[in-house]
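Residue numbers for the sequence shown follow this note's numbering, so the first one is 28 and each next one is one higher. Structure first, commentary second.
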Amino acid sequence: MSLQLLLLNFWVNSLKNVKEIKQDLFSRNAVLVSVTMKSVEVVQENAFYFIRTLTSVTFGNKIREIKSRCV
């Protein structure tokens with residue numbers, strides 16, 4: 028596993044109290060397979076759209092709004 032991937036995994040896992048995911052949060056070069064964010068309330072359009080490796084995004088029960096085409 029590359030250092031860049033390890034740092035990205037650490038960064039994603041530290042998103043515990045995030046309330047809103049804005050568009051293009053992750054780089055187009057990011058390698059993510061699964062993301063779990065329990066405290067997210069709003070996900071903006073294109074937040075995960077360009078990540079081709081992403082197979083699973085899990086949100087907790089606080090989610091109130093998901094803009095179109097976020098994944």
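The beta carbon of each residue, even a glycine, is placed where N, CA and C say it ideally should be. Bear in mind that the values here come from a model prediction, so they are computed numbers and not experimental data.
Beta-carbon spacing of residue i, residue j below 9 Å
| i | j | result |
| --- | --- | --- |
| phenylalanine 86 | valine 60 | no |
| lysine 65 | lysine 46 | no |
| phenylalanine 75 | valine 84 | yes |
Anticipated Cβ contact below 8 Å, residue i with residue j, distance rounded
| i | j | result |
| --- | --- | --- |
| lysine 94 | valine 70 | 6 Å |
**OP:** Go through the stretch 63-96 residue by residue and report every complete run of the beta strand (DSSP E) that reaches 3 residues or more, in order.
**Re:** Qualifying beta strand (DSSP E) stretches, in chain order: 83-86.
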